[in-house]
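Number of protein chains: 2
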Amino acid sequence: MSVKHSLLALLYERPRHGYELKTGFDELVQSMWPLNAGQVYTTLDRLERDDLIESPGNDQKDRKLYTITEKGVETLWSWLEEPVERSLLKDEFYFKYLCASHVDYEDKQQMIQAQKQTMIKDVLHLTQMKQQMNRSGNDTMRMLVEGALLHLEADIKWLDMIAKD
Amino acid sequence: MSVKHSLLALLYERPRHGYELKTGFDELVQSMWPLNAGQVYTTLDRLERDDLIESPGNDQKDRKLYTITEKGVETLWSWLEEPVERSLLKDEFYFKYLCASHVDYEDKQQMIQAQKQTMIKDVLHLTQMKQQMNRSGNDTMRMLVEGALLHLEADIKWLDMIAKD
DNA sequence: CAGTAACTATTTACTAAGTATATATATACG
DNA sequence: CGTATATATATACTTAGTAAATAGTTACTG
């Protein structure tokens, strides 16, 4: 994910200090993606260096505040505008499969089936989560889970295709 | 992708020097994933430091040869054995969508539709490629293209779900 | 056959992103 | 009162990957 851009988004809302950005991030992603606290500060340093943010000084409790600059807003906006490119032809498993072909790896069918088993477990797990999300009404999470399920479905279909090969 | 592990796979086959690993990689992935030549050498340095490879010396043309160590073979093997984890709940677009929700981004529907248009273009492009792969009989590429198409299909279905929300 | 383009081969300084760890104060709680 | 937890930041470090410089060899071309 792009920590850099999410910090810009949080600062666009209002000025904040480092720790507030860390908690803001956690809230934004509902703690689904863990963020190392140190990374907030190193990222802030880089953003300030590049004039995407600046500091108007410290607050009452002596915490360094940051605000987004005009250049930062532009950067945020163009990031949002530009569609993400799903690196179409990069697939981690297929890469591994190619490497396995190169060494005399015992059984590639076995490899495919192991991958499939893992994914089937994931499907079961996510299906349970989905039901829970339906009950609790957490729509953000529910969307993500639905997306993950559709992806897994596609992956499994694909593994079956490769296996037949 | 994991350049590190693919170099181990290539060295498992036989000892090679840097440049030969670069060309070996390109061949392995059929030049689908560009690799910066410099990265081969920096990766080799790290692999040697970690005792996953070692050098028995230079060849006749004074090129530094590398061989895989026992530790390197173990590392390669356990990488191959372990299924890849599709970071289930990490989706680049959804992350962007969350950030857009946070700022008063004009029109999120517009954002979804722009993403969808990009993907539809990708589908057309890949469908053409697929036909070409069928004619030329490049099975490696064909597999990847098929996989990418299944993924795009799932993504588009998901975008439609979000849009209705 | 001189010139030049392309291929072979490696080095190195650099950047971006992220991790681990140390540190310090404030607050809650039992 | 002591201790665990939350708040808050700094910093040195690692990994992965890029850019650019360098230099010898081979192939081709007019």
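Read top to bottom, the protein sequences are chains A and B. Residue 1 is where the first sequence starts when you use the numbering used here, and the numbers rise one by one after that. Residue 1001 is where the second sequence starts when you use the numbering used here, and the numbers rise one by one after that. Idealized CB from N, CA, C, for every residue including glycine.
Taking a beta-carbon distance threshold of 8 Å, B:F1025 does not count as an interface residue toward chain A.
With a minimum length of 3 residues, the unbroken runs of beta strand (DSSP E) contained wholly in the segment 1063-1092 of chain B fall at 1064-1068. Secondary structure at B:G1057: strand, using DSSP grouped into helix, strand and coil.
Neighbours of A:H5 in chain B, taken as residues at a C-beta separation under 7 Å, are given in chain order as C1099.
In the DSSP assignment, A:Y12 falls within the alpha helix (DSSP H) that extends over 3-13.
Close CB contacts of A:M133 within its chain, under the 7 Å cut and outside five residues either way in sequence, are with M141, R142, V145 (chain order). Per the coordinates, the alpha-carbon of B:T1075 lies some 14 Å from the alpha-carbon of B:R1046. Look at A:T69: its C-beta is not under 8 Å from any C-beta on chain B.
Boundaries cannot be given for B:S1031, as no alpha helix (DSSP H) includes it and DSSP labels it neither H nor E.
The beta carbon of B:P1015 lies closer than 8 Å to those of P1056, L1065, Y1066, T1067 in the same chain, with the five residues before and after it left out.
Neighbours of B:T1118 in chain A, taken as residues whose beta carbon is under 7 Å from its own, are P83 in chain order.
With respect to the 8 Å criterion, B:I1156 and B:M1111 are not classified as neighbours on the basis of their beta carbons.
Contacts with chain A at 8 Å (Cβ-Cβ) do not include B:D1062. Where B:L1035 is concerned, there is no enclosing alpha helix (DSSP H), because DSSP gives it neither an H nor an E. Taking all protein chains shown into account, A:T43 has 16 or more neighbouring C-beta atoms within 10 Å of its C-beta and is therefore buried.
Counting C-beta pairs with one atom in each stretch, the segment 1001-1009 of chain B and the segment 94-107 of chain A have three or more that are closer than 8 Å, which means they touch.
The C-beta of B:E1020 comes no closer than 8 Å to any C-beta of chain A.
The distance from the Cβ of B:L1052 to that of B:K1022 is about 18 Å, inconsistent with a contact at the 8 Å cut-off. Of the other Cβ atoms in all chains shown, fewer than 16 fall within 10 Å of the Cβ of A:Q117; this residue is therefore exposed. In the DSSP assignment, A:E106 falls outside any alpha helix (DSSP H) and carries neither an H nor an E. The alpha-carbon of A:Y12 is positioned some 25 Å away from that of B:D1165.
Taking C-beta atoms as the reference points, B:H1125 and B:R1063 fail to come closer than 8 Å.
Annotation for A:D165: no alpha helix (DSSP H) segment contains it, and DSSP assigns it neither H nor E.
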